[in-house]
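> Listed in order, the protein sequences are those of chains H and P.
Our numbering numbers the first residue of the first sequence as 4 and each following residue consecutively.
Our numbering numbers the first residue of the second sequence as 4 and each following residue consecutively.
The beta carbon of each residue, even a glycine, is placed where N, CA and C say it ideally should be.
There are 2 protein chains.
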Amino acid sequence: MAPKTLRETVLKAAVDYIAENGPDGLSFRQVALAAGVSHQAPYHHFSDRKGIFEAIAIEGHEIFTATMLGSIDAHPEDPATALLDAYVEFAVNHRGHFRVMFRPDLCSATDNPELLRVSGRSFEVLVEQVHEILGPKASVADIRARATAMWSLAHGLAVLLIDGPLEHEIGPIKSRRALVRAVAEQSGMAAKKRR
Amino acid sequence: MAPKTLRETVLKAAVDYIAENGPDGLSFRQVALAAGVSHQAPYHHFSDRKGIFEAIAIEGHEIFTATMLGSIDAHPEDPATALLDAYVEFAVNHRGHFRVMFRPDLCSATDNPELLRVSGRSFEVLVEQVHEILGPKASVADIRARATAMWSLAHGLAVLLIDGPLEHEIGPIKSRRALVRAVAEQSGMAAKKRR
DNA sequence: GAGCGCTCTTGACACCGTCAAGTCCGGGGA
DNA sequence: TCCCCGGACTTGACGGTGTCAAGAGCGCTC
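#1: Taking CB distances under 7 Å as the criterion, tell me whether P:D19 reaches chain H.
#2: Nearest to H:D166 by CA position, among H:N24, H:L14, H:V13, H:M104, is which residue?
#3: Spatial neighbours of H:L14 within its chain, please: CB distance less than 8 Å, with the 5 preceding and 5 following residues excluded, ordered by chain position.
#4: Could you check whether P:V95 and P:L160 sit closer than 7 Å to each other, using their CB atoms as the reference points?
#5: Output needed for P:L163: all residues of its chain with C-beta closer than 7 Å, excluding positions within five of it in sequence on either side, in chain order.
#6: Determine the closest residue to P:D81 out of P:A38, P:E135, P:A152, with distance taken between C-alpha atoms.
#7: Going by other Cβ atoms of all chains shown within 10 Å of its Cβ, with 16 needed for buried, is P:P45 buried or exposed?
#8: Report yes if the C-beta of P:L14 is less than 6 Å from at least one heavy atom of the ligand COA; otherwise report no.
#9: How many angstroms separate the CA atom of P:A193 from the CA atom of P:A187?
#10: Just to confirm, is the Cβ distance from H:P26 to H:L87 under 7 Å?
#11: Run through chain P and tell me which residues come within less than 8 Å of H:R215, C-beta to C-beta.
#12: Measure the Cβ-Cβ separation of P:F67 and H:E172 and say whether it is below 7 Å.
#13: Are the C-beta of H:P107 and some C-beta of chain P separated by less than 7 Å?
#14: Quick one: give me the first and last residue of the alpha helix (DSSP H) that H:T151 is part of.
#15: P:E117: buried (16+ other C-beta within 10 angstroms of its C-beta) or exposed?
#16: For P:V186, would you say it is in contact with chain H, using Cβ-to-Cβ distances shorter than 7 Å as the test?
#17: Is there a C-beta anywhere in chain H that falls below 7 Å from the one on P:S111?
#18: Assign P:H42 to buried or exposed, taking buried as 16 or more other Cβ atoms, counted over all protein chains shown, within 10 Å of its Cβ.
#19: Entirely within the segment 9–60 of chain H and at least 4 residues each: give me those alpha helix (DSSP H) ranges in chain order.
#20: Applying a beta-carbon distance threshold of less than 7 Å, which residues of chain P neighbour H:E118?
#21: Grouping DSSP H, G and I as helix and E and B as strand, with all else coil, what is P:M192?
#22: If I follow the unbroken alpha helix (DSSP H) through P:A85, where does it start and stop?
#23: My understanding is that P:A128 touches P:A150, with C-beta atoms under 8 Å, so please give their C-beta distance in whole angstroms.
#24: Can you list the residues of chain P that H:H158 reaches, using a CB-CB cut of under 7 Å?
#25: Consider the Cβ of H:R197: report whether some Cβ of chain P lies at a distance smaller than 7 Å.
#26: Mark H:H158 as exposed unless 16 or more other C-beta atoms lie within 10 angstroms of its C-beta, in which case mark it buried.
#27: Check the Cβ of P:F126 against every Cβ in chain H and list those closer than 7 Å, keeping chain order.
#28: Counting only Cβ pairs nearer than 8 Å, list the residues of chain H close to P:G167.
#29: Is the beta carbon of H:H48 less than 7 Å from the beta carbon of H:S122?
#30: Have a look at H:D51 and H:F31 and give me their C-alpha separation to the nearest angstrom.
#31: Look at the alpha carbon of H:P175 and the alpha carbon of H:V103, and state the distance between them as a whole number of angstroms.
#32: So H:S155 contacts chain P; which residues on that side make the cut at Cβ distance below 7 Å?
#33: Which residue wins for smallest C-alpha separation from P:Q189, given the options H:L156, H:A89, H:A181, H:R179?
#34: Considering just the uninterrupted stretch of the alpha helix (DSSP H) at P:L119, what are its terminal residues?
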């Protein structure tokens, strides 16, 4: 599925580069030249450098939300682990997007309504699951704390995995999914209905 | 305690800048000019741009380790929460260091022995506490998973707090320490000896 | 007092993001 | 049919940045 428009071409090339080398060394000109157009052509599709990162973040959040919903749907008996697993899998399989999405210096959601919307939706999915897990009698404070805890655990694990020192410190990871399951178990947040 | 040497001056200016604006926009020349020296003077103290970030990371890891040890010492009854609290407090109070330490694209520990040493030491402190928490009969796999879980939770919470969308999504945070305690509670990792 | 190494300066280079203007071209109204 | 008009892209320029190379000032030592 080769990208057709220049916009898609640039976006894909940028995501691929970021997945390999991180977002900071990304040269806008290089991407344009590699696509066979002049160094200024992409600026007709994105207002500025930030514009590209915001477009990547929006695309990323859409895939991200879909990934989480799919995983929860596939494992309704343990939504917390499903969420953690989806978070990590997304980060690993879409590093290019992930590395941009949570970097407000690259793409600030505050002044981009579309990005604000999709990132809010991602968070909604999480909170809905926490509601589901804690039940209807849970206090607002508990829901808030549990959502923060689950988000932190997932985000930290994902970050430490894709470009953090985790593998370097704890040794090679044979099965990522097994690690995710063990982490969910060791934190108290896996489904309580243990077999 | 004003920095004396040019090396210290540059380091402090860089850390302050990063704490405010993030590491990416940091201009080496600007820092030098602001310090009243030529644009090339700092390069005599650091091999290149990466060299500054590595120096910041080393300094950061030393403060970081000391912060964790101090917190554990002050709250021996609940080392997990103490660790989480120290992690977050360090990230908030030393953003400039924190934002650099866990960004391998800025400072790769693999080719800097000193950085390798201090970052390894940070991780040791964590693993020692996990040993303490799980007791001597814990399996290696459990220790590994618990350490990963605690690190992920702490790292994720810290990242989401200092420049992530956490406060934007869950609303204003009145007491950071209360949030940290609630998160430790909601994850199953606080000390089991509940009051 | 001559040599030397450390600290810093000066100048140049390629590259980057961005502003401004010009070129090409297809499509719709006269 | 002609015109013109607006979007897609090119070309050129500017200031800023990291880095390489060479040189200047200066305290220390032999």
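So, to answer that:
#1: Mapped onto the second sequence, residue 19 of chain P falls at position 16. No Cβ of chain H is located within less than 7 Å of the beta carbon of P:D19.
#2: Taking the first sequence and counting its residues from 1, one reaches residue 166 of chain H at position 163. For H:D166, the nearest C-alpha among the options comes from H:N24.
#3: As a first step, residue 14 of chain H must be located in the first sequence, where it is residue number 11. Shown here for H:L14: same chain residues with a beta carbon closer than 8 Å to its own, the five before and five after excluded, namely P6, I55, A58, I59, E62 in chain order.
#4: On the second sequence, residue 160 of chain P is found 157 positions in, with the first residue counted as 1. On the second sequence, residue 95 of chain P is found 92 positions in, with the first residue counted as 1. In this structure, P:V95 does not lie closer than 7 Å to P:L160 by Cβ.
#5: To locate residue 163 of chain P, count along the second sequence from 1; it is residue 160. Annotation for P:L163: L169 place their beta carbon closer than 7 Å to its own, counting only its chain and skipping 5 residues before and after.
#6: The residue given as residue 81 of chain P occupies position 78 in the second sequence. The shortest Cα separation from P:D81 among P:A38, P:E135, P:A152 belongs to P:E135.
#7: Looking up residue 45 of chain P in the second sequence gives position 42. Burial of P:P45 is indicated by the presence of at least 16 other C-beta atoms within 10 angstroms of its C-beta.
#8: The ligand COA is absent from the structure shown, which contains no ligand whatsoever.
#9: Locating residue 193 of chain P in the second sequence gives position 190, where the first residue counts as 1. Locating residue 187 of chain P in the second sequence gives position 184, where the first residue counts as 1. Cα to Cα, the separation comes out at about 5 Å.
#10: Walking along the first sequence from the start, residue 26 of chain H turns up at place 23. Walking along the first sequence from the start, residue 87 of chain H turns up at place 84. Contact: no.
#11: Limits of chain H in this structure are 4 at one end and 198 at the other, which puts residue 215 of chain H out of reach.
#12: The residue labelled residue 67 of chain P in the question sits at position 64 within the second sequence. The residue labelled residue 172 of chain H in the question sits at position 169 within the first sequence. It is not a contact, given that the beta carbons lie outside the stated cut-off.
#13: By 1-based counting over the first sequence, the position of residue 107 of chain H is 104. Closer than 7 Å to some Cβ of chain P, the Cβ of H:P107 qualifies, so yes.
#14: On the first sequence, residue 151 of chain H is found 148 positions in, with the first residue counted as 1. Element bounds for H:T151: 143–165.
#15: Counting from 1 along the second sequence, the entry for residue 117 of chain P is found at position 114. Under a 10 Å Cβ-count criterion, P:E117 is classified as exposed, with fewer than 16 other Cβ atoms of the shown protein chains found around its own Cβ.
#16: Residue mapping note: residue 186 of chain P aligns to position 183 of the second sequence, counting from 1. Answer yes: the Cβ-Cβ gap between P:V186 and chain H drops below 7 Å somewhere.
#17: Working through the second sequence from its first residue, we reach residue 111 of chain P at position 108. Chain H, which has no Cβ nearer than 7 Å to the Cβ of P:S111, makes this no.
#18: Numbered from its first residue, the second sequence carries residue 42 of chain P at position 39. By the neighbour-count rule (16 or more Cβ atoms within 10 Å), P:H42 is not buried but exposed.
#19: Within the segment 9–60 of chain H, the alpha helix (DSSP H) runs of at least 4 residues that lie entirely inside it are, in chain order, 9–24, 31–37.
#20: Here residue 118 of chain H refers to the residue found at position 115 of the first sequence. Looking at the sequence itself, residue 118 of chain H is Leu, so the reference to Glu does not match. Under the 7 Å cutoff, chain P gives no residues; its nearest Cβ is about 10 Å from H:L118.
#21: Position 189 of the second sequence holds residue 192 of chain P. Three-state result, P:M192: coil.
#22: Working through the second sequence from its first residue, we reach residue 85 of chain P at position 82. Judged by DSSP secondary structure, P:A85 falls within the alpha helix (DSSP H) whose first and last residues are 82–96.
#23: If you number the second sequence from 1, residue 128 of chain P lands on position 125. If you number the second sequence from 1, residue 150 of chain P lands on position 147. A small correction: the amino acid at residue 128 of chain P is Val; Ala does not occupy that position in the sequence shown. P:V128 to P:A150, Cβ: 11 Å. No contact.
#24: Translated into the one-based positions of the first sequence, residue 158 of chain H becomes position 155. Neighbours of H:H158 on chain P, chain order: G159, V162, L163.
#25: Position 194 of the first sequence, counted from the first residue, corresponds to residue 197 of chain H. Annotation note: pLDDT 39 at H:R197 (below 50); position unreliable, no value reported.
#26: Translated into the one-based positions of the first sequence, residue 158 of chain H becomes position 155. The Cβ neighbour count for H:H158, taken over all protein chains shown within 10 Å, is at least 16; the residue is labelled buried.
#27: Locating residue 126 of chain P in the second sequence gives position 123, where the first residue counts as 1. Result: E172.
#28: Along the second sequence, read from residue 1 onward, the residue named residue 167 of chain P stands at position 164. Residues of chain H passing the Cβ test: F105, P107, H158.
#29: On the first sequence, position 45 is the one that residue 48 of chain H refers to. On the first sequence, position 119 is the one that residue 122 of chain H refers to. Taking 7 Å as the Cβ cut-off, H:H48 and H:S122 do not qualify as a contacting pair.
#30: What you label residue 51 of chain H is simply residue 48 of the first sequence in a count that begins at 1. What you label residue 31 of chain H is simply residue 28 of the first sequence in a count that begins at 1. H:D51 and H:F31 have their C-alpha atoms roughly 10 Å apart.
#31: Position 172 of the first sequence, counting from 1, holds the residue named residue 175 of chain H. Position 100 of the first sequence, counting from 1, holds the residue named residue 103 of chain H. H:V103 has its alpha-carbon roughly 26 Å from the corresponding atom of H:P175.
#32: By 1-based counting over the first sequence, the position of residue 155 of chain H is 152. Annotation: Cβ neighbours of H:S155 in chain P (cutoff 7 Å, chain order): L156, G159, L160, L163, V186.
#33: What you label residue 189 of chain P is simply residue 186 of the second sequence in a count that begins at 1. Residue H:L156 is the option with its Cα nearest to P:Q189.
#34: Taking the first residue of the second sequence as position 1, residue 119 of chain P is located at position 116. Element bounds for P:L119: 116–137.
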